[in-house]
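Structure first, commentary second.
Numbering (the numbering used here), first residue to last: 1 to 84.
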């Protein structure tokens, strides 16, 4: 997600759901600073809706990143945000 030019993204809620049999990691982070907003290490730890108030820099994107996820397995990211 990229905020409107000249604005900051303020992440208000995050949910990461992993449908994996082998594990893996998934996180939501800011793209420039690489600040991790929320991270899930295993599928059975996923699915919770986490409220927060995490602000990025001007024009900083919010990225979903998945690591060590086998082919055919799924990761879903839900990010609610405001712009400032």
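Each residue gets a CB set at the ideal place from its N, CA and C atoms; glycine is no exception.
Predicted, not measured: the structure shown is a model, and the values here were computed from it.
Nearest-angstrom beta carbon gap, residue 62 and residue 9 [assumed within contact, 8 Å]: 5 Å
Residues near residue 56 by beta carbon distance below 6 Å, same chain, minus five either side: The answer, listed in chain order, is 8, 9 and 30.
Proximity of residue 17 and residue 46 at Cβ, strictly below 7 Å: Yes.
Unbroken beta strand (DSSP E) run spanning residue 26, endpoints: 25-30
Unbroken beta strand (DSSP E) run spanning residue 61, endpoints: Where residue 61 is concerned, there is no enclosing beta strand (DSSP E), given that its DSSP letter is neither H nor E.
DSSP three-state assignment for residue 56, whether helix, strand or coil: strand
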